[in-house]
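Worksheet: the structure to be examined is printed underneath.
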Amino acid sequence: MKTTTLLLFSFLSFSLAHGQTHALTDEGQEVLLFEDGTWSYVEDLELNENEVEIPMNPTEFKRTKSASFLVKSSSFNIGLHIDPKAWSFNKGKTNEDAEYEFESKKGEIYGMMIAEGVEIPLLTLRSIALENARSVAPDVHIVHEEYRMVNGIKVLCLQMEGTYQGIQVAYLGYYYSNENGTVQMVTYSGKKIMEREKERAVEFLNGLVEL
-16 MKTTTLLLFS
-6 FLSFSLAHGQ
4 THALTDEGQE
14 VLLFEDGTWS
24 YVEDLELNEN
34 EVEIPMNPTE
44 FKRTKSASFL
54 VKSSSFNIGL
64 HIDPKAWSFN
74 KGKTNEDAEY
84 EFESKKGEIY
94 GMMIAEGVEI
104 PLLTLRSIAL
114 ENARSVAPDV
124 HIVHEEYRMV
134 NGIKVLCLQM
144 EGTYQGIQVA
154 YLGYYYSNEN
164 GTVQMVTYSG
174 KKIMEREKER
184 AVEFLNGLVE
194 L
């Protein structure tokens, strides 16, 4: 059963990091090509603030003192402070697009850092994340979203849930972009596990910092 669970979450992580390719049409319009064969014009994904009302959480989120080890991205000036007693990490092995993969030492919760050196508006990133998740679980939907100030930077916090082969799954992540690049810092697990361990996942995500 444990092996089956690990394979499932490896596949879920693959869907997050390996989802789309940027391309140009003959007319010069930028499009995103998804793994399932579908595509979208980038301009159609670039929603403005008036079309999607996302609240701002007034709480200021900061990393914990136990998050003492800094994992740096090589793509741009971003990093993640982790508690080395609570989390292990490796260079992306499940797929080449994930820079780092993380696993809680208590088990059951996994994480990924997906970083690239291109700036993407947060609302466009929101659409991309949703499209990628739906490539695995077509019924994936956003159950909660808000902006947060995390260690002095404004991130988009997304919580998504869906079903894959009859198993209820959940994603919880922070999304951030600046002029140097974009990062998707995502945790994922079974829905019931995420409900029970959400505080642990949020504590992990709160290690995200701009360097």
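Using the numbering used here, you'd call the opening residue of the sequence shown number -16 and step up by one each time.
Don't be surprised by glycine CBs; every beta carbon is placed ideally from N, CA and C.
{"query": "Nearest to Thr107 (by Cα), restricted to the options Lys88, Pro41, Arg183, Leu141", "result": "Leu141"}
{"query": "Leu63 vs Met96 beta-carbon contact at 8 Å", "result": "yes"}
{"query": "Spatial distance of Val101 from Asn115 (CA atoms)", "result": "18 Å"}
{"query": "CB-CB length for Glu84 against Gly75, believed under 8 Å", "result": "6 Å"}
{"query": "For Met39, the nearest candidate out of Lys89, Asp66, His127 (CA to CA)", "result": "His127"}
{"query": "Best match in Met143, Gly135, Lys89, Glu43 for proximity to Ser110 [C-alpha to C-alpha]", "result": "Met143"}
{"query": "Residue of Arg131, Ala153, Lys89, Gly149 minimising C-alpha distance to Leu113", "result": "Ala153"}
{"query": "Own chain residues within Cβ distance below 6 Å of Ile103, not counting five before or after", "result": "Ser160, Thr165"}
{"query": "Those residues which DSSP pairs with Arg46 across a bridge", "result": "According to DSSP, Arg46 bridges with nothing at all."}
{"query": "Pick from Glu36, Asp80, Thr47, Leu53 that is closest to Gln167, judged by C-alpha positions", "result": "Asp80"}
{"query": "Per-residue burial, Arg117 [other beta carbons within 10 Å of its own, 16 or more giving buried]", "result": "buried"}
{"query": "Local conformation of Leu113 per DSSP, three classes", "result": "helix"}
{"query": "Which of helix, strand or coil DSSP assigns to Lys174", "result": "helix"}
{"query": "Local Cβ density within 10 Å of Arg179, reported as buried at 16 or more and exposed below that", "result": "exposed"}
{"query": "Close-in-space but distant-in-sequence residues of the same chain around Gly190 (CB under 7 Å, 5 per side omitted)", "result": "Arg46, Ala50, Leu63, His64, Ile65"}
{"query": "Cα-Cα separation between Glu182 and Glu162, rounded to whole angstroms", "result": "30 Å"}
{"query": "Secondary structure of Lys68, DSSP reduced to three states", "result": "coil"}
{"query": "Identity of the residue in Ala184, Glu36, Ile176, Tyr157 nearest Ala98 by Cα", "result": "Tyr157"}
{"query": "Beta-carbon proximity of Glu43 to Met177, cut-off 8 Å", "result": "no"}
{"query": "Lys88 versus Ser172: straight-line alpha-carbon distance, rounded", "result": "14 Å"}
{"query": "Leu195, enclosing beta strand (DSSP E) - first and last residue", "result": "With the chain covering -16 to 194 only, the question about residue 195 has no answer from this structure."}
{"query": "Whether Thr170 touches Ile61 by CB criterion (8 Å)", "result": "no"}
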